[in-house]
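Everything in the sequence shown is counted per the working numbering, starting at 992 for the first residue and increasing by one.
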Amino acid sequence: MKFRVWKSYKIIEVEGSSMFPSLKTGWYLLFKTKNIEKIKRKEIILHFQEGKWLIKRIIGLSNEFIQIQNNSLLVNNTELQEDYLLGPRNSETISQWQLGSNEYVILGDNSNDSLDSRKFGSVNLPQNLFALKRRIWPLFDK
């Protein structure tokens, strides 16, 4: 991913289809630092994993039990509605997480083409992380 860095902002070009249909290849996005205490479920964030920046959606929050079962995502045994998904929520490897303090599950919207918590497990996030502020290019979706 290409990016520019300011103290509190990052501009990232979307590459790949892991967040499709919500985000499309070639779009430029503005991310702004946000305190982890203010992060909400379904918020889109940047996460540095395996030497690169990943754009993912926060699904599981600290101290929750998350499962992917029968193509549905459950948070503490209650189904989470995910109207932004490309298709059903699949799980190839890890399919449940009992999260501890400062542990999160991050997933892509296109579960057939996403490197995310299903592959590398839950993640620890920094106190201040980058959350999506807005799309800056293109101005309008074609």
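Glycine included, every Cβ here is placed at the ideal spot set by N, Cα and C.
Measure the Cβ-Cβ separation of residue i and residue j and say whether it is below 8 Å.
i, j, result
"Ile-1049", "Ile-1036", "yes"
"Asn-1062", "Pro-1079", "yes"
"Val-1005", "Ile-1046", "yes"
"Thr-1016", "Ser-1009", "no"
"Leu-1090", "Asn-1115", "no"
"Phe-1121", "Gln-1040", "no"
"Leu-1123", "Asn-1101", "no"
"Tyr-1075", "Ser-999", "no"
"Trp-1128", "Trp-1018", "yes"
For a test of the three-state rule: what should DSSP assign to residue i, helix, strand or coil?
i, result
"Phe-1056", "strand"
"Glu-1006", "coil"
"Lys-1029", "helix"
With distance defined between alpha-carbon atoms, name the residue in the options nearest to residue i.
i, options, result
"Val-1066", "Asp-1104, Glu-1028, Ile-1002 and Lys-1033", "Lys-1033"
"Leu-1064", "Asn-1115, Leu-1077 and Asn-1081", "Asn-1081"
"Pro-937", "Gln-1072, Lys-1001 and Asn-1026", "Residue 937 is absent from the model: the chain starts at 992 and stops at 1133."
"Glu-1094", "Leu-1077, Ser-1113 and Lys-998", "Ser-1113"
"Ile-1003", "Lys-1043, Lys-1031 and Phe-1131", "Lys-1043"
"Leu-1052", "Glu-1070, His-1038, Lys-1031 and Ser-1108", "Lys-1031"
"Lys-1001", "Arg-1126, Asn-1103, Asp-1104 and Glu-1070", "Arg-1126"
"Asn-1119", "Ser-1105, Leu-1021 and Glu-1028", "Glu-1028"
In the DSSP assignment, find the unbroken beta strand (DSSP E) run with residue i in it and report its ends.
i, result
"Lys-1110", "Segment 1108-1111 is the alpha helix (DSSP H) holding Lys-1110; no beta strand (DSSP E) there."
"Ile-1097", "1096-1098"
"Leu-1123", "1119-1128"
"Phe-1039", "1035-1040"
"Leu-1045", "1043-1051"
Runs of beta strand (DSSP E) lying entirely within the stretch 1059-1091, each at least 3 residues, in chain order:
Counting only unbroken stretches of 3 or more residues, the beta strand (DSSP E) elements lying wholly within the stretch 1059-1091 are 1063-1066 and 1087-1089, in sequence order.
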